[in-house]
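Residue 62 in the numbering used here sits at position 53 of the sequence shown, with consecutive numbering throughout.
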Amino acid sequence: MTARQNPFEKSDSARHQIWEMLVDRDIKAFIAADWSMVENDFVEQGFMGVHGHNTANPDHWRLAFPTLKDYADEWLRQAHDFQKESQAGAFAGDPMDAIFSATVLRDIEINGDKAIVHKKFDGRIPRADGTSDRMLWQTVYYCANVDGRWKITGFTGYLPNPMGGERA
10 MTARQNPFEK SDSARHQIWE MLVDRDIKAF IAADWSMVEN DFVEQGFMGV
60 HGHNTANPDH WRLAFPTLKD YADEWLRQAH DFQKESQAGA FAGDPMDAIF
110 SATVLRDIEI NGDKAIVHKK FDGRIPRADG TSDRMLWQTV YYCANVDGRW
160 KITGFTGYLP NPMGGERA
């Protein structure tokens with residue numbers, strides 16, 4: 010199995026669909042800097058995103074994205090910055106391969122029509138100058154099944170990986 014292959018069988022439709030949304034579609038949309046590829050993966054009403062500021066101490070976490078638009082704006086800013094660097098030849102090899110290789114999403118707890126999903130990053134994106142960008146953080150997503158389709162209702166992200174010394 011490659012990093013780009015969904016580890017969940019199609020018969021496990023909920024987990025299969027969630028992985029497609031949070032890994033495959035998200036990475037491809039980010040590389041393309043195309044929010045329209047993922048905008049339907051979110052529930053706008055009641056959405057909120059918490060920025061963990063890479064600390065395990067929840068006293069330092071902030072409600073950085075009180076609306077989906079706030080998050081979309083930041084996601085697009087990051088994606089456009091990444092795309093500019095990529096187009097300028099800053100990366101060695103295919104950065105999409107590096108992001109897929111750094112991404113682990115295997116822990117999905119489903120309870121009725123709700124899910125909590127753990128997405129972790131642990132890897133490097135090689136740069137053309139011989140250095141690399143370290144990817145080492147995690148996000149916990151809150152999802153809901155809406156009319157037969159899994160969607161993101163919020164998240165707590167930009168958390169350290171590992172949180173308390175445990176490795177993914």
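Note that CB positions come from ideal geometry on N, CA and C, so glycine has one too.
Is it the case that the Cβ atoms of residue i and residue j are separated by a distance below 8 Å?
i, j, result
"residue 81", "residue 123", "no"
"residue 60", "residue 167", "yes"
"residue 161", "residue 50", "yes"
"residue 149", "residue 125", "yes"
"residue 107", "residue 132", "yes"
"residue 137", "residue 99", "yes"
"residue 104", "residue 134", "yes"
"residue 130", "residue 146", "yes"
"residue 127", "residue 116", "yes"
"residue 109", "residue 36", "yes"
"residue 157", "residue 65", "no"
"residue 169", "residue 15", "no"
For residue i, name the three-state secondary structure that DSSP assigns.
i, result
"residue 159", "strand"
"residue 47", "coil"
"residue 164", "strand"
"residue 153", "strand"
"residue 177", "Residue placement at residue 177 is poorly supported in this model, since its pLDDT is 48, which falls under 50; the coordinates still yield a value, given next. DSSP places residue 177 in coil when its eight states are reduced to three."
For residue i and residue j, which I take to be in contact (beta-carbon distance under 8 Å), what is that distance rounded to the nearest angstrom?
i, j, result
"residue 38", "residue 46", "4 Å"
Exercise. Is the segment 85-92 in contact with the segment 52-60, if contact means three or more CB pairs nearer than 8 Å?
Worked result: No, they do not touch.
Exercise. Are there three or more Cβ pairs, one per stretch, closer than 8 Å when the segment 16-27 is compared with the segment 63-70?
Worked result: no
For this session: With a floor of 4 residues, list each alpha helix (DSSP H) that falls wholly inside the segment 100-146, ordered by position along the chain.
Result: When DSSP assignments are scanned along the segment 100-146, the uninterrupted stretches of alpha helix (DSSP H) that are 4 or more residues long and fall wholly within it turn out to be 104-111.
Exercise. Of all the beta strand (DSSP E) runs that stay within the bounds of the segment 30-86, which reach a length of 3 or more residues?
Worked result: 57-60, 71-74
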